[in-house]
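> Take this structure, written in structure tokens, and hold onto it; I'll ask about it next.
Protein chains: 2
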Amino acid sequence: MRFRVYIYITFELKDGKAMKVNTNPVRGMKDFLPAEAELREKVRRTIIDTYSSFGYRKIETPALEHLELLGGSDGGENEKLIYKVLKRGEKLDLTSATEEKDLSEEGLRFDLTVPLTRIYANNQNDLPLPFKVIQTDNVWRAERPQKGRYRQFMQCDIDIIGEESYVAEIDLLTASSHALLNLGFSDFVIKINDRMILHDLAEKWGFERKDHESVFITIDKLDKIGTDGVAIELGYKRFSNDAINKMTADLTDFQAGRFENVKISDDLGIVIETVSIASQGRFKIEFDPTLVRGMGYYTGMIYEIKYRDYPGSVGGGGRYDKMIGKRTGTDVPACGFSIGFERIIDLMLERNDQTEKPVRLAVLFNTEKDDTKTIYYYSDAYRNGTIALTHKEKSSGKIFKKDVSVFRQEKKLGKQLKKLLDQGFTHYATLLNNDVLVVEELKADKG
Amino acid sequence: MRFRVYIYITFELKDGKAMKVNTNPVRGMKDFLPAEAELREKVRRTIIDTYSSFGYRKIETPALEHLELLGGSDGGENEKLIYKVLKRGEKLDLTSATEEKDLSEEGLRFDLTVPLTRIYANNQNDLPLPFKVIQTDNVWRAERPQKGRYRQFMQCDIDIIGEESYVAEIDLLTASSHALLNLGFSDFVIKINDRMILHDLAEKWGFERKDHESVFITIDKLDKIGTDGVAIELGYKRFSNDAINKMTADLTDFQAGRFENVKISDDLGIVIETVSIASQGRFKIEFDPTLVRGMGYYTGMIYEIKYRDYPGSVGGGGRYDKMIGKRTGTDVPACGFSIGFERIIDLMLERNDQTEKPVRLAVLFNTEKDDTKTIYYYSDAYRNGTIALTHKEKSSGKIFKKDVSVFRQEKKLGKQLKKLLDQGFTHYATLLNNDVLVVEELKADKG
Numbered sequence: 372m373r374f375r376v377y378i379y380i381t382f383e384l385k386d387g388k389a390m391k392v393n394t395n396p397v398r399g400m401k402d403f404l405p406a407e408a409e410l411r412e413k414v415r416r417t418i419i420d421t422y423s424s425f426g427y428r429k430i431e432t433p434a435l436e437h438l439e440l441l442g443g444s445d446g447g448e449n450e451k452l453i454y455k456v457l458k459r460g461e462k463l464d465l466t467s468a469t470e471e472k473d474l475s476e477e478g479l480r481f482d483l484t485v486p487l488t489r490i491y492a493n494n495q496n497d498l499p500l501p502f503k504v505i506q507t508d509n510v511w512r513a514e515r516p517q518k519g520r521y522r523q524f525m526q527c528d529i530d531i532i533g534e535e536s537y538v539a540e541i542d543l544l545t546a547s548s549h550a551l552l553n554l555g556f557s558d559f560v561i562k563i564n565d566r567m568i569l570h571d572l573a574e575k576w577g578f579e580r581k582d583h584e585s586v587f588i589t590i591d592k593l594d595k596i597g598t599d600g601v602a603i604e605l606g607y608k609r610f611s612n613d614a615i616n617k618m619t620a621d622l623t624d625f626q627a628g629r630f631e632n633v634k635i636s637d638d639l640g641i642v643i644e645t646v647s648i649a650s651q652g653r654f655k656i657e658f659d660p661t662l663v664r665g666m667g668y669y670t671g672m673i674y675e676i677k678y679r680d681y682p683g684s685v686g687g688g689g690r691y692d693k694m695i696g697k698r699t700g701t702d703v704p705a706c707g708f709s710i711g712f713e714r715i716i717d718l719m720l721e722r723n724d725q726t727e728k729p730v731r732l733a734v735l736f737n738t739e740k741d742d743t744k745t746i747y748y749y750s751d752a753y754r755n756g757t758i759a760l761t762h763k764e765k766s767s768g769k770i771f772k773k774d775v776s777v778f779r780q781e782k783k784l785g786k787q788l789k790k791l792l793d794q795g796f797t798h799y800a801t802l803l804n805n806d807v808l809v810v811e812e813l814k815a816d817k818g
Numbered sequence: 372m373r374f375r376v377y378i379y380i381t382f383e384l385k386d387g388k389a390m391k392v393n394t395n396p397v398r399g400m401k402d403f404l405p406a407e408a409e410l411r412e413k414v415r416r417t418i419i420d421t422y423s424s425f426g427y428r429k430i431e432t433p434a435l436e437h438l439e440l441l442g443g444s445d446g447g448e449n450e451k452l453i454y455k456v457l458k459r460g461e462k463l464d465l466t467s468a469t470e471e472k473d474l475s476e477e478g479l480r481f482d483l484t485v486p487l488t489r490i491y492a493n494n495q496n497d498l499p500l501p502f503k504v505i506q507t508d509n510v511w512r513a514e515r516p517q518k519g520r521y522r523q524f525m526q527c528d529i530d531i532i533g534e535e536s537y538v539a540e541i542d543l544l545t546a547s548s549h550a551l552l553n554l555g556f557s558d559f560v561i562k563i564n565d566r567m568i569l570h571d572l573a574e575k576w577g578f579e580r581k582d583h584e585s586v587f588i589t590i591d592k593l594d595k596i597g598t599d600g601v602a603i604e605l606g607y608k609r610f611s612n613d614a615i616n617k618m619t620a621d622l623t624d625f626q627a628g629r630f631e632n633v634k635i636s637d638d639l640g641i642v643i644e645t646v647s648i649a650s651q652g653r654f655k656i657e658f659d660p661t662l663v664r665g666m667g668y669y670t671g672m673i674y675e676i677k678y679r680d681y682p683g684s685v686g687g688g689g690r691y692d693k694m695i696g697k698r699t700g701t702d703v704p705a706c707g708f709s710i711g712f713e714r715i716i717d718l719m720l721e722r723n724d725q726t727e728k729p730v731r732l733a734v735l736f737n738t739e740k741d742d743t744k745t746i747y748y749y750s751d752a753y754r755n756g757t758i759a760l761t762h763k764e765k766s767s768g769k770i771f772k773k774d775v776s777v778f779r780q781e782k783k784l785g786k787q788l789k790k791l792l793d794q795g796f797t798h799y800a801t802l803l804n805n806d807v808l809v810v811e812e813l814k815a816d817k818g
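In structure tokens, the structure reads:
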């Protein structure tokens, strides 16, 4: 215990002078200690393994991208939040720099869609078509720090490039819902719509084609501001009262579950039916003509997953058939789904699963008297599952591999055992007569 | 195939004008396509799982760190290679900026040791002692681009904080060598030395204490420049000829494997003996009094793993008992080991393991006639291992889960099958009479 010091702003000796050093993570970002870091790793693996079982292939791109690509994407507001890196060496000329672009030509990615379109454009010859791809990686956005939102966060995207039919949508939605099921979530609802349906509606209501995006951006707020709020905002945007009134009538119907005035396409119908059957009653899929999704680049079906009363969604995506063409010169159909990794983690931390604690053994090595070879021989044997440790193992004969950590035995054994218990160890072992390792269960009353 | 276009510098329409856009990764960094990305994921998991089985716990820190921490570390040359990010908004005042520090206060980490000491200093109350920790994450160094070295690369570190005895070194070395064994490497050699032994030697040779680091930096080049080269460089540094001659005589002995003139400490002896026994003949551990390791912060034992004739090492580390005290104000013993992740990947790509190809099934969905429900029902059944697919499964009754990917059946089936074979699919299935899915093996002569 003698090493512990309880200061948070700490000191560094430099040129003989004490200096204050801030040991917090940088503003808006977060450190993950073991319990959370290991949960993140487990969730990440479950997602990757599920998607792999549906035939998706993993790719990886660098954290930094050309600013001209980041800035020229359809990333909307996110483009303002780019972390830009300083040019280096001779390229950086502070005396003549007048704008940010004189100082920087690379930035941290703010999503995984920009890198995907870039890597696809750059490797078309070597990639299969359709290309089913997974990306799980960090992205960075310099947002105003707020509770539960961090400036570095993990995104988990799957995309299918080169499939124009609804086969792609069925695949994305069945794979993603299986990922959620494998993470222990059920009773979620997939909301689905089609941008084409939205355009048809907007046209029927009487909005001009050039105004559709603006109308959709307002309808996207329906959950928060209600039908009246949407009508007021569109009035403020100076659209025709007649169109607004027609829209209000339909939205009121939609919210009440009356969809008589809207025509579902055959493709959307097939997707809903197929995913619904695949769900085997574990989750739902519902048409929602008020679903918009923020990004301007969507061209076809769009979808979102709601989990019980959790605000926002735990995942979503859509078809973006025109985006890749901007890089390659030829349109390629594409659609994607992004699981809300950080929200899933929040929900799992809240859920606080009471799963059975794994067996973790601490072997205590008394360096003053124990035979080194015996200590390490037994540690290895328990680790590899060649010796039974628990009563269950002994009686069943089924022996498992387990986590075994060797620690130097401290002077105050009781104190050390309490510490090990707090760390989640379930058993400890000491060497008896330099001959046999004696294992005991760690219990709360011990020590 | 109609979507493919074979251009690498591609175009973007902006304000009606065509613009050239560079779709390569940023300078000095690399994209990983599926085969390589999946190998990286597998290696990462094997390393994490092995270390976890030795009781190490995973932590995760943000990519960005305070520049004052990065700059004030013992990172040596690496400090010059930091990617710095521009301050944001009002904080960035281009008119008054005269130095880089006016423009930036955060940078991308260049190693995982700086974040480790920071997170430890910031969370001492919540962390166990000793703290056995794994980090596997990317780091960034703006080095001059050269073959096989990238500006973003993965580091895999384990560290033990708060253990002053050799128990720590034994643990790091047995765990790391098991990680290499689990990755399929054997016949590697752990070279081990102690900074104290180096200091004793330098003193015996007649170098002053203040000059030791400079002498070690030169001896570190022994592999490349030989004993004569070391003598010449030290002469150029104006050290006494007498000391240089004594050193040369010893170095010549050491290189010939004669260690009579050097005294091994008891602790080093125990580490070598224990790790040697734990190796069960699968790898070696050898004392090497010429081993220096670059970093100035090492205070005790240092070690490195050589793999056959692969130049450089595939991992290394050492004890750094004075580093954490710089952050916390109180010294805490610590030591670490870093597996050369990128080198391991290079070696595995070269080795090109001929492991058995996993079964991968492509289900071809003829959207014009097939019953959707049947297609997805069977796909799920093969994926979950509820129906046998291979002859081996049928005869043994042991059915495995497998990767199943649904694709829309293309007009030219032969062409599609060839493409699937190229992508590593081993089987394909089509729906017969809207009733049963017929599976066939994909073979090179097919199509």
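Respectively, the protein sequence lines represent chains A and B.
Okay, so the first sequence: first residue is 372 according to this note's numbering, each after it adds one.
Okay, so the second sequence: first residue is 372 according to this note's numbering, each after it adds one.
Every residue gets a Cβ at the ideal spot worked out from N, C-alpha and C, and that includes glycine.
This one's a predicted model, so the numbers in the text were calculated from it and none came from an experiment.
Is the number of C-beta pairs between the stretch 475-485 of chain A and the stretch 504-523 of chain A that are closer than 8 Å three or more?
yes
> Tell me which residues of the stretch 782-799 of chain B have at least one Cβ-Cβ distance to chain A shorter than 7 Å, keeping chain order.
Lys790, Gln794
> I need the DSSP call for A:Gly696, collapsed to helix, strand or coil.
helix
> Thinking C-alpha only, which one of A:His549, A:Trp511, A:Ala733 is nearest A:Lys401?
A:Trp511
> Taking only three categories from DSSP, how would you classify B:Ala815?
coil
> Helix, strand or coil for A:Asn395, going by three-state DSSP, please let me know.
coil
> A:Thr645 versus chain B: which residues are under 9 Å apart at the beta carbon?
Correct list: Thr743, Lys744, Ile746, Tyr747.
> What residue does the alpha helix (DSSP H) around A:Ser585 start on, and which one ends it?
In the DSSP assignment, A:Ser585 falls within the unbroken alpha helix (DSSP H) covering 583-590.
> Identify each residue in the stretch 448-460 of chain A for which the Cβ-Cβ distance to at least one residue of chain B is less than 7 Å, and report them in chain order.
Tyr454, Lys455, Val456, Leu457, Arg459
> Compute the Euclidean distance between the alpha carbons of A:Ile453 and A:Ile529, then round it to the nearest angstrom.
23 Å
> Alpha carbon to alpha carbon, how far is A:Leu479 from A:Asn616?
Rounded to the nearest whole angstrom, the C-alpha separation of A:Leu479 and A:Asn616 is 44 Å.
> Please state whether the Cβ-Cβ distance between A:Val642 and A:Met672 is less than 8 Å.
Yes, the Cβ-Cβ distance between A:Val642 and A:Met672 is below 8 Å.
> Select from the stretch 417-432 of chain A all residues with a C-beta closer than 9 Å to any C-beta belonging to chain B, and list them in chain order.
Ile419, Ser423, Ser424, Phe425, Gly426, Tyr427, Arg428, Lys429, Ile430, Glu431, Thr432
> Can you name the residues that DSSP bridges to A:Gln526?
A:Asp508
> What residue range does the beta strand (DSSP E) around A:Phe778 cover?
774-779
> What do you get for B:Asn651, buried or exposed, if any count of 16 or more other CB atoms within 10 angstroms of its CB means buried?
The sequence as given places Gln at residue 651 of chain B; Asn does not occur at that position. Under this definition B:Gln651 is an exposed residue.
> Going residue by residue through the stretch 395-472 of chain A, where are the continuous alpha helix (DSSP H) segments of at least 4 residues, counting only ones entirely within it?
405-424, 438-442
> Leaving out five residues on either side along the sequence, give the residues of the same chain with a beta carbon under 8 Å from the beta carbon of B:Asp591.
Excluding sequence positions up to five before and after B:Asp591, its CB lies within less than 8 Å of the CB of Val663, Arg664, Gly665, all in the same chain and listed in chain order.
> Are the CB atoms of A:Thr469 and B:Thr743 within a distance shorter than 8 Å?
no
> Taking the DSSP output, what are the residues bridged to B:Lys783?
None, per the DSSP bridge assignment.
> 8 Å is my cut-off, CB to CB: does B:Phe654 come that close to chain D?
Looking at the structure shown, chain D is missing, and the protein chains on hand are A and B.
> Just mark B:Thr466 as buried or exposed, buried being the case when its beta carbon has 16 or more other beta carbons within 10 Å.
exposed
> Starting from the Cα of A:Glu713, find the closest Cα among A:Thr394, A:Pro405, A:Glu412, A:Asn395 and give me that residue.
A:Glu412
> Within 10 angstroms of the Cβ of A:Asp565, are there 16 or more other Cβ atoms? Answer buried if so, exposed if not.
buried
> Which chain A residues sit within Cβ distance under 7 Å of B:Ile641?
Thr743
> Name, in chain order, the residues that DSSP records as bridge partners for A:Val560.
A:Lys655, A:Lys677
> Check the Cβ-Cβ distances between B:Ile673 and every residue of chain A, and say whether any is below 8 Å.
Closer than 8 Å: no.
> Select from B:Ser611, B:Ile648, B:Asp659 the residue whose C-alpha is nearest the C-alpha of B:Lys634.
Looking at the Cα atoms, B:Asp659 is the closest of the given residues.
> Against chain A, with Cβ distances strictly below 8 Å, would B:His437 count as a contact?
yes
> Alpha carbon to alpha carbon, what distance is there between B:Arg415 and B:Met525?
9 Å
> Using a Cβ-Cβ cut-off of 8 Å (strictly less than) and excluding sequence neighbours within five positions of B:Thr598, which residues of its own chain qualify?
Cβ-Cβ distances below 8 Å link B:Thr598 to Thr619, Leu622, Thr623, Gln626 in the same chain, with the five nearest sequence neighbours on each side left out; the list follows chain order.
> Could I get the ranges of all uninterrupted alpha helix (DSSP H) runs contained in the stretch 575-652 of chain B, with 4 residues as the minimum, in chain order?
583-590, 593-607, 612-626, 637-649
> A:Arg779 touches chain B at which residues, Cβ-Cβ below 7 Å?
Glu534, Ser536, Val538
> Taking all protein chains shown into account, decide if A:His777 is buried (16 or more other Cβ within 10 angstroms of its Cβ) or exposed.
A small fix is needed here, since residue 777 of chain A is Val in this sequence, not His. With 16 or more other Cβ atoms within 10 Å, it is buried.
> Helix, strand or coil: which one does DSSP assign to A:Asn805?
Three-state result, A:Asn805: coil.
> By the 10 Å Cβ neighbour count, where 16 or more other Cβ atoms means buried, how is B:Tyr607 classified, buried or exposed?
B:Tyr607 sits exposed, since fewer than 16 C-beta atoms from the chains shown fall within 10 Å of its C-beta.
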